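First the structure, in the form of structure tokens, and then the observations on it.
Numbering (my numbering), first residue to last: 35 to 95.
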């Protein structure tokens with residue numbers, strides 16, 4: 035997928051979004067749609083880890 039996106043070919047990504055997310059988006063709650071598409075429950079943990087790593091030293095967190 036990374037190589038295709040680097041070439042500007044978004045068909046793989048948009049096809050996956052259409053099949054895994056958009057097709058079911060109105061039928062499920064958002065959390066259930068994300069879990070079904072990704073294979074795991076969504077969590078704030080990865081975002082918080084990223085933000086702490088990026089801004090922790092800058093803001094002395």
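A virtual CB, placed ideally from N, CA and C, is assigned to each residue, including glycine. Owing to the predicted nature of the structure, the values given are computational and were not obtained by experimental measurement.
Nearest to residue i (by Cα), restricted to the options the options
{"i": "residue 51", "options": "70, 89, 90", "result": "70"}
{"i": "residue 55", "options": "38, 73, 41", "result": "73"}
Counted within 10 angstroms of its Cβ, other Cβ atoms place residue i as buried (16 or more) or exposed
{"i": "residue 67", "result": "buried"}
Spatial distance of residue i from residue j (CA atoms)
{"i": "residue 48", "j": "residue 88", "result": "29 Å"}
{"i": "residue 93", "j": "residue 80", "result": "19 Å"}
{"i": "residue 39", "j": "residue 64", "result": "26 Å"}
{"i": "residue 85", "j": "residue 43", "result": "30 Å"}
{"i": "residue 78", "j": "residue 41", "result": "31 Å"}
{"i": "residue 36", "j": "residue 75", "result": "24 Å"}
{"i": "residue 45", "j": "residue 53", "result": "12 Å"}
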